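As structure tokens, the structure follows; a few thoughts come after it.
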Amino acid sequence: MRKLNVLVAIVIAFALFAASPYLAAQQPPGLARAIDAQQRNNPALLSQPGIVGTGVGVNAQGIPVIRVYVETPGVGAPPNLENIPVERVVTGQVYAQCYQSECPRPVPLGVSTGHPDITAGTIAARVKDGSGNVYALSNNHVYANQNLAHINDPVLQPGAVDGGSAPTDTIGQLADFAPINFSGGNNQIDAAIALSSTELLQNVTFSGYKPTNTLAAASLGLSVKKEGRTTGVTFGQISEVNVTVVVCYAGFPLCTKSATFVNQFAVAGSFSAGGDSGSLIVTSAENNPVGLLFAGSSNRTIGNRIQDVLNYFNVSIDDGSGSQPPPGSIQLSVNGYKVKGVHRADLTWSGATSSNLDIYRNGSKITTTANDGFLTDVIGSRGNASYTYKVCEAGTATCSNEVTINF
Amino acid sequence: MKSPSTSDEAGPRAIEDVLNANRDALMATPGVVGVGIGEAGGRPCIKVFVVDNSSNLAAQVPSAVEGYAVVIEATGGFRAR
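Going down the list, the protein sequences come from chains B and W. Note that this note's numbering numbers the first sequence so that position 29 is 29, with each residue one more than the last. Each number in this note's numbering corresponds to the 1-based position in the second sequence with 1000 added.
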């Protein structure tokens, strides 16, 4: 449905272009003919698997061309249509923006989210704990409704004001939050985490950048950016550090509920707006996390220091490392058994990339075999014995784990 | 902190220490919603965030503290976003 809307939009845009007398006067010769050809061929083109859109443009020589947008490099397109040259453009799947609507799962960072009882905020990051659990990070006032939510409450994508409701749009359950002191005491973070999964949550923003696991300290003049539900990707500079600030949480314009925050930093200018709460502030060049956006005024945005947030929950930014075996790592398992009292071992492995593997038993190479994932070693001994196996990519030191079996 | 011997040997206090020492008094001034460390003319300064410039804050806030300029910024009130 989403894909269809985009296609319709592209077709309509070019139809309007063609119909406009003002633009027509400036068109290169033949552009109208290219648009006619595009429209006649659209139904056939768009019915082919892997073709996600079409457009009309001019090539480097100024000649009108039909552009065919394809999902993968393997998808073909005719070299020309009605004598109009065709250019193939690999665009990938085309999705509508989902900053303020439902995103395909797993959802990206930087888009609408929230507890069902609040309007909407932004997903900052995917974070992980020492046990491998992954969480969505946002503000207390986004995921824990200013201390009022209960652990295990659902969190939604999109947030309620953007049409999200449980259980259809649930991407996690509230796991922990830093309570906000509204009674005059000092706060350092407005943060909460919701237990999620890699099936439901990506570690890349909607626009396509991935926050790193290398944190950057907030310093004066540092160039930063954020991606958020309301204002998307914006850039700014840190204008103040060591900030103490009073933040209003209810009763605008006459505030009825406020909290004091210390050790904050400020970004000057129009960096954020309501609904961007929970955005991760990162360095603009390296995507290194700096802070968690949670408040602002007409010309300042306030962030918690990200290190304080991650320390509170004892989590780290999940940049994807460590969640999969590193390239080249080979997983070996061995099952030992006897046939008429004689020892045998079935070896199975995965993750090897070479065509042949060296098989080692007790440190000595016993054979080189095809990388088909399976080998039976007929050891030929009887009685009590212990055998330690590993498999290595042939002629290299790239080896599996060692597995010992005992008889 | 105020001991003459240490301050003589250490020279001027770091701006972080000066801000900490003056933070509560500045925050207690009506119209002040925040304080922090910024830069003015290439030098570190103490920033004071105020709701607006209409109140007569300049008279209530010193223009410098322990050698660091105090710069008033009209930021408006802060809200959770």
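The beta carbon of each residue, even a glycine, is placed where N, CA and C say it ideally should be. No experiment lies behind these values; they were computed from the predicted model shown.
Between the alpha carbons of residue 223 (chain B) and residue 123 (chain B) lies a gap of roughly 21 Å. Of the other Cβ atoms in all chains shown, 16 or more fall within 10 Å of the Cβ of residue 272 (chain B); this residue is therefore buried. Scanning the region 166 to 199 of chain B from its first residue to its last, the whole beta strand (DSSP E) runs of 3-plus residues come out as 170 to 177, 192 to 196. The beta carbon of residue 247 (chain B) sits closer than 8 Å to some beta carbon of chain W. If you draw a straight line from the Cα of residue 1077 (chain W) to the Cα of residue 302 (chain B), it is about 12 Å long.
In the DSSP assignment, residue 141 (chain B) falls within the unbroken alpha helix (DSSP H) covering 140 to 143. In the three-state reduction of the DSSP assignment, residue 158 (chain B) falls in the coil class.
For residue 266 (chain B), at least one C-beta of chain W is nearer than 8 Å to its own C-beta.
Counting the other CB atoms within 10 Å of its CB gives residue 378 (chain B) a total below 16, which places it among the exposed residues. Rounded to the nearest whole angstrom, the CA to CA distance from residue 363 (chain B) to residue 387 (chain B) is 10 Å. For a Cβ distance threshold of 8 Å, residue set 1023, 1027, 1034, 1035, 1036 of chain W lies close to residue 244 (chain B), ordered along the chain. At a cut-off of 8 Å, the C-beta of residue 1080 (chain W) has a neighbouring C-beta in chain B.
One alpha carbon belongs to residue 200 (chain B), the other to residue 105 (chain B), and they sit about 5 Å apart.
A check of alpha carbon separations from residue 54 (chain B) across B:63, B:64, B:215, B:42 identifies B:42 as the nearest. Residues of chain W whose Cβ lies closer than 7 Å to the Cβ of residue 240 (chain B) are, in chain order, 1036, 1037, 1038, 1047. By the neighbour-count criterion, in which a residue is buried when 16 or more other Cβ atoms sit within 10 angstroms of its Cβ, residue 227 (chain B) is buried. DSSP places residue 1057 (chain W) in the helix class (H, G or I) of the three-state scheme.
The beta-bridge partner set that DSSP reports for residue 358 (chain B) consists of B:368, B:392.
Apart from the 5 residues on each side of it in sequence, residue 86 (chain B) sits with its Cβ closer than 8 Å to the Cβ of 65, 66, 67, 68, 77, 78, 79, 80 in its chain, given in chain order. Here residue 289 (chain B) is buried: its Cβ has 16 or more other Cβ atoms, across all protein chains shown, within 10 Å.
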